[in-house]
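Written below as structure tokens is the structure these notes are about.
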Ligand code: SF4
């Protein structure tokens, strides 16, 4: 029976390596002016790791892979209240 990682990101799941590599390509294509700064991105992912809505890299509230959602400067957490905010 496969083990479900409740707190993992795609980057940490060997079984999701192909999807992770696709995600990296997508992230590389995001224009720099639309990206969250590296510190903001890491802080967002830290918040996701501590959130009960995270499951195998997916947010149960919005259905997004959090590593993608957190990468966009103008994105925000869908929780109420949000665990992380959009950049100005
Ligand atoms: S609700 Fe917010 S903090 Fe929780 S997994 Fe989704 S995006 Fe991350």
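Residue numbers (my numbering): 270 to 357. C-beta atoms are modelled at their ideal positions from N, C-alpha and C, and glycine is treated no differently. In this text, all values refer to a predicted model and were calculated from it rather than measured experimentally.
Using a Cβ-based criterion (distance less than 7 Å to any ligand heavy atom), does residue i qualify as near the ligand SF4?
i, result
"residue 277", "no"
"residue 280", "no"
"residue 349", "no"
"residue 342", "no"
"residue 274", "no"
"residue 335", "yes"
"residue 298", "no"
Mind checking which residues open and close the alpha helix (DSSP H) that includes residue i?
i, result
"residue 333", "No alpha helix (DSSP H) holds residue 333; DSSP gives it neither H nor E."
"residue 350", "Segment: none, residue 350 is in no alpha helix (DSSP H) and carries neither H nor E."
"residue 283", "Element bounds for residue 283: n/a, residue is neither H nor E."
Which residue or residues does DSSP assign as beta-bridge partners of residue i?
i, result
"residue 304", "341"
"residue 327", "324 and 334"
Around the Cβ of residue i, are there at least 16 other Cβ atoms within 10 angstroms (buried) or fewer (exposed)?
i, result
"residue 293", "exposed"
* Asked: For the 8 Å Cβ check, are there 3 or more pairs between the segment 300-313 and the segment 326-345?
  -> yes
* Asked: Looking at C-beta atoms only, is the number of pairs between the segment 315-325 and the segment 273-281 that lie closer than 8 Å three or more?
  -> yes
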